[in-house]
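Which chain is which? The protein sequence lines are A and B, in order.
With numbering that gives the first Met the number 0 applied, the first sequence corresponds to residues 0 to 305, in that order.
With numbering that gives the first Met the number 0 applied, the second sequence corresponds to residues 0 to 295, in that order.
The next block holds one structure in the form of structure tokens; read it before the comments.
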Amino acid sequence: MKSNTNMRLGKPSLFKQIAKNYSCYLFMLPFAVVFILFTVVPVITAIGFSFTDFNVLEKPEWVGWHNYRQLFTGDDLFLDALKNTLVIAAIVGPAGYIMSFVFAWCINDLPPFFRAVLTLMFYAPTLSNIYAIWKIIFSSDDYGIMNSYLLDWGIIDIPIKWLQDSDFILPVVVIILLWSSLGTSFLSFIAGLQSVDRTLYEAAAVDGIHNRFQELWYITLPSMKPQLMFGAIMSISTSFGVGDAITAVLGFPSPSYAAHTMAHHIQDYGFTRFQMGYACAIAVILFVIMVSTNQIIQRMLKNVGK
Amino acid sequence: MKASHRFRMWRSALRKRKVNRSKAGSFVMFTFLIVCAAFTALPLIYTVVTAFKPLDELWLFPPSLVTVNNPTVKNFIDMFVLMADSTVPFSRYIFNTVFITFAGMLLHVIFATMCAYPLAKKQFPGKNLFFGLVTLALMFNTYVTSMPNYLTMANLGWVDTYLAVIIPAIGAPIGLYLMRQFMEQIPDAVLEAARVDGSSEWQTFWRVVIPQVKPAWLTIMIFSFNGLWNLQQSNYIYSEELKTLPFALGQIANGGIARAGVSAAVTMLLLSVPVLFFVATQSNIIETMNSSGIKE
Numbered sequence: 000m001k002s003n004t005n006m007r008l009g010k011p012s013l014f015k016q017i018a019k020n021y022s023c024y025l026f027m028l029p030f031a032v033v034f035i036l037f038t039v040v041p042v043i044t045a046i047g048f049s050f051t052d053f054n055v056l057e058k059p060e061w062v063g064w065h066n067y068r069q070l071f072t073g074d075d076l077f078l079d080a081l082k083n084t085l086v087i088a089a090i091v092g093p094a095g096y097i098m099s100f101v102f103a104w105c106i107n108d109l110p111p112f113f114r115a116v117l118t119l120m121f122y123a124p125t126l127s128n129i130y131a132i133w134k135i136i137f138s139s140d141d142y143g144i145m146n147s148y149l150l151d152w153g154i155i156d157i158p159i160k161w162l163q164d165s166d167f168i169l170p171v172v173v174i175i176l177l178w179s180s181l182g183t184s185f186l187s188f189i190a191g192l193q194s195v196d197r198t199l200y201e202a203a204a205v206d207g208i209h210n211r212f213q214e215l216w217y218i219t220l221p222s223m224k225p226q227l228m229f230g231a232i233m234s235i236s237t238s239f240g241v242g243d244a245i246t247a248v249l250g251f252p253s254p255s256y257a258a259h260t261m262a263h264h265i266q267d268y269g270f271t272r273f274q275m276g277y278a279c280a281i282a283v284i285l286f287v288i289m290v291s292t293n294q295i296i297q298r299m300l301k302n303v304g305k
Numbered sequence: 000m001k002a003s004h005r006f007r008m009w010r011s012a013l014r015k016r017k018v019n020r021s022k023a024g025s026f027v028m029f030t031f032l033i034v035c036a037a038f039t040a041l042p043l044i045y046t047v048v049t050a051f052k053p054l055d056e057l058w059l060f061p062p063s064l065v066t067v068n069n070p071t072v073k074n075f076i077d078m079f080v081l082m083a084d085s086t087v088p089f090s091r092y093i094f095n096t097v098f099i100t101f102a103g104m105l106l107h108v109i110f111a112t113m114c115a116y117p118l119a120k121k122q123f124p125g126k127n128l129f130f131g132l133v134t135l136a137l138m139f140n141t142y143v144t145s146m147p148n149y150l151t152m153a154n155l156g157w158v159d160t161y162l163a164v165i166i167p168a169i170g171a172p173i174g175l176y177l178m179r180q181f182m183e184q185i186p187d188a189v190l191e192a193a194r195v196d197g198s199s200e201w202q203t204f205w206r207v208v209i210p211q212v213k214p215a216w217l218t219i220m221i222f223s224f225n226g227l228w229n230l231q232q233s234n235y236i237y238s239e240e241l242k243t244l245p246f247a248l249g250q251i252a253n254g255g256i257a258r259a260g261v262s263a264a265v266t267m268l269l270l271s272v273p274v275l276f277f278v279a280t281q282s283n284i285i286e287t288m289n290s291s292g293i294k295e
């Protein structure tokens, strides 16, 4: 179970080292067991099951690449889900990340009290599952807030079916997700900005940096690299993994599958149809997309200021 | 001459509270912030206002966003009445959410803190591999692992029990990651001093480490709290009597505009707890997040 099993065995002192540090392993044991059992092992078994046909009741049957081939050539709904996931991630990910930084940066100039109040206001949407309120805002009848104001101002004549019309669903989803995108990365940026060494700014002012944007580029961003990298991981994981938030507003499945994402497709095949092998193949693809995007972005951010 | 000029600039730079800030720029920025904050806050304010609206005011056209003429607490009472004739009393949903949240959060904080200690302060075989896995686990989310976990739960007989939700929450990688990054800052000398005084590893951990990482455990508490408190529907739970408050909220919100008042009341109830928690711990959270960065 412990992670030391695949250490090189050639080292004569390894067993001694393990024995000497036995208390370290004891400290780690409870968390490590749960973490390995419910996070590490499932990734490996998901990869294994993705090559099988498995309906839970019967034994899994090896089918090779069949599930993957089926996903990309015989499952239009999966391709829609893939497209929706990528579109949402491509908008909400970078926009949320940049917004988190810009707001954190603006807030940082305020006195502590206002800083605390605005931090709460921006972070509050992430604090709770309050997506239900958007059902009322974007309700399809005259009483929905959006519709009633647009009608009142004479911009539209008949109420728009925001949550039923497939032309509107995806944009509405993006707005809602952007609203709640100031999450962990936002907090990390606020903290990072506060910890930048003040004397650097003062020295820079002497050395000819004249406005806040130069200051941002030459001093703030390079000093915040660790937080920027952590924030990127948080934003990427959140923006690719949207599912529950959409379900809370639109139900499952969303009307005419207009906001069907990979998370929903996993849900659909895994827990409604119990086609575990197929659902695992979708999960593996989602895993590969998330981790590889993260690795690419981490590599890019490492080069900031080099 | 040149040196004295430089000195004067230094002095003037130090005298100003912040350098390189034009008044006009600050004004523009502040206005921009207020507008954006209003956009984020409006749905929340509307929720609170709606929770106190009597039924006839829900039907106003156009609806009032930030005012209520005759505030009432009827919606809060209705929320219990409305659910009284359902199969499960409303209070049961509240109990489920509170129980799952506190059990999962407390176990997570204790075990993640214990696990972070050797990872931050000791050298032993397997340490880097394990922390590498934790960092990698931040890069994907629970949708990826949901299916194999279902099978594991089924084999353990945990499907449709509280355990199915509580136990996996204990091993959330984000909590361990933040705790370890924060713990790394504890000076080794402090731990060394405790050791010289003859305290065991466990005593050192309990008496020296735990008090020093208070901001971090408050932070991972609120992260864990959020995840569990907001849990809408678990794939591993079917019984109505094990379902959570956000799930009940979803059911009420399906009732449309006539239920908007009750729906807002539940939302407000759901939102108020994490908000109060966050307000109370904000400075600790910021202190913890300061060490959240990925070090190369």
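In this text, a Cβ means the ideal position worked out from N, Cα and C, and glycines have one as well.
Per DSSP, residue i is paired with what?
i	result
A:Trp61	A:Thr51
Please work out which residues of its chain come closer than 8 Å, Cβ to Cβ, to residue i, disregarding the five sequence neighbours upstream and downstream, and give them in chain order.
i	result
B:Leu64	Leu41, Ile44, Tyr45, Val48
A:Gly143	Ile135, Ile136, Phe137, Pro158, Trp161
A:Gln163	Ser139, Pro254
A:Pro252	His259, His263, Asp267
Just mark residue i as buried or exposed, buried being the case when its beta carbon has 16 or more other beta carbons within 10 Å.
i	result
B:Leu155	exposed
B:Trp157	buried
B:Leu59	exposed
B:His107	buried
A:Glu57	exposed
B:Glu239	exposed
A:Trp216	exposed
A:Ser12	exposed
A:Gln226	buried
A:Glu214	buried
B:Arg16	Its pLDDT being 49, under 50, B:Arg16 is placed unreliably by the model, and the measurement read from it follows with that caveat. With fewer than 16 other Cβ atoms within 10 Å, it is exposed.
A:Val248	buried
B:Gln122	exposed
B:Thr30	exposed
B:Gly260	buried
A:Met299	exposed
B:Ser324	Absent from the structure is residue 324 of chain B, since the part of chain B shown begins at 0 and ends at 295.
A:Ser2	Unreliable positioning characterises A:Ser2 in this predicted model, as indicated by a pLDDT of 47, which lies under 50. A coordinate reading is not provided.
I need the boundaries of the alpha helix (DSSP H) containing residue i, first residue and last residue.
i	result
A:Ala202	197-205
B:Phe230	Rather than Phe, the amino acid found at residue 230 of chain B in this sequence is Leu. Careful: B:Leu230 lies outside any alpha helix (DSSP H) and carries neither H nor E.
A:Tyr122	111-126
A:Met98	75-107
A:Phe185	183-194
B:Asn68	Here B:Asn68 belongs to no alpha helix (DSSP H), and DSSP marks it neither H nor E.
A:Met233	224-239
B:Gly249	244-252
B:Gly103	89-120
B:Thr280	259-288
B:Met138	Where B:Met138 is concerned, there is no enclosing alpha helix (DSSP H), given that its DSSP letter is neither H nor E.
A:His209	Neither: A:His209 is in no alpha helix (DSSP H) and is coded neither H nor E.
A:Asp151	144-151
A:Lys19	13-19
B:Ala193	187-195
So, for residue i: in the same chain, excluding its five sequence neighbours on each side, which residues have a beta-carbon less than 7 Å away from its beta-carbon?
i	result
B:Ala111	Gly174, Leu175, Met178, Ile219
B:Tyr116	Met182, Phe204, Val208
A:Tyr96	Ser184, Gly230, Ala231, Ser234
With a CB to CB cut of under 6 Å and the five nearest residues on each side skipped, what residues in its chain are close to residue i?
i	result
B:Phe246	Gln231, Gln232
B:Ile284	Thr218
B:Ser262	Ile251, Ala252
B:Pro70	Phe51
A:Phe100	Phe188
A:Thr292	Ile235
B:Arg258	Ile251
So if I threshold CB-CB distances at 9 Å, which residues from the region 26-39 of chain A count as touching chain B? With the criterion set as a beta carbon lying under 9 Å from some beta carbon of chain B, the members of the region 26-39 of chain A are Phe26, Met27, Leu28, Pro29, Phe30, Ala31, Val32, Val33, Phe34, Ile35, Leu36, Phe37, Thr38, Val39, in sequence order.
What residues in the region 213-232 of chain B have a beta carbon less than 7 Å from any beta carbon of chain A? Taking 7 Å as the Cβ-Cβ cut-off against chain A, the residues of the region 213-232 of chain B that qualify are Asn225, Asn229, Gln231.
Chain-ordered residues of the region 167-201 of chain A with a beta carbon less than 8 Å from chain B: Correct list: Trp178, Leu181, Thr183, Leu186, Ser187, Ile189, Ala190, Gly191, Gln193, Ser194, Tyr200, Glu201.
Return the residues of the region 274-299 of chain A that lie within a Cβ-Cβ distance of less than 7 Å from chain B, sorted by chain order. Correct list: Met275, Ala278, Cys279, Ala282, Leu285, Phe286, Met289, Val290, Asn293.
Interface residues of the region 207-221 of chain A facing chain B [CB-CB below 8 Å]: Considering only beta carbons, the part of the region 207-221 of chain A lying closer than 8 Å to chain B consists of Ile208, His209, Asn210, Arg211, Gln213, Glu214, in chain order.
Which residues, taken in chain order from the region 78-99 of chain A, show a beta carbon closer than 9 Å to some beta carbon of chain B? Against chain B - using a Cβ distance shorter than 9 Å - the residues of the region 78-99 of chain A are Met98.
With 8 Å as the limit, tell me which residues of the region 117-131 of chain A have their beta carbon closer than that to any beta carbon of chain B; keep them in chain order. Cβ contacts with chain B come from Leu117, Thr118, Leu119, Met120, Phe121, Tyr122, Ala123, Pro124, Thr125, Leu126, Ser127, Asn128, Ile129, Ala131.
Mind listing which residues of the region 37-63 of chain A have their C-beta closer than 8 Å to chain B's C-betas, in chain order? Per Cβ criterion, the list reads Phe37, Thr38, Val39, Val40, Pro41, Val42, Thr44, Ala45, Phe48, Val55.
Chain A contacts made by the region 93-112 of chain B, where a contact means CB separation under 7 Å: Listed by position along the chain: Phe110, Ala111.
May I ask you to list, following chain order, the residues of the region 148-160 of chain A that have a beta carbon less than 7 Å from some beta carbon of chain B? Those residues of the region 148-160 of chain A that come within reach of chain B (Cβ to Cβ, closer than 7 Å) are Tyr148, Asp151.
Below 7 Å between beta carbons is the criterion; list the residues of the region 153-171 of chain B that meet it against any residue of chain A, in chain order. Taking 7 Å as the Cβ-Cβ cut-off against chain A, the residues of the region 153-171 of chain B that qualify are Ile166, Pro167, Ile169, Gly170.
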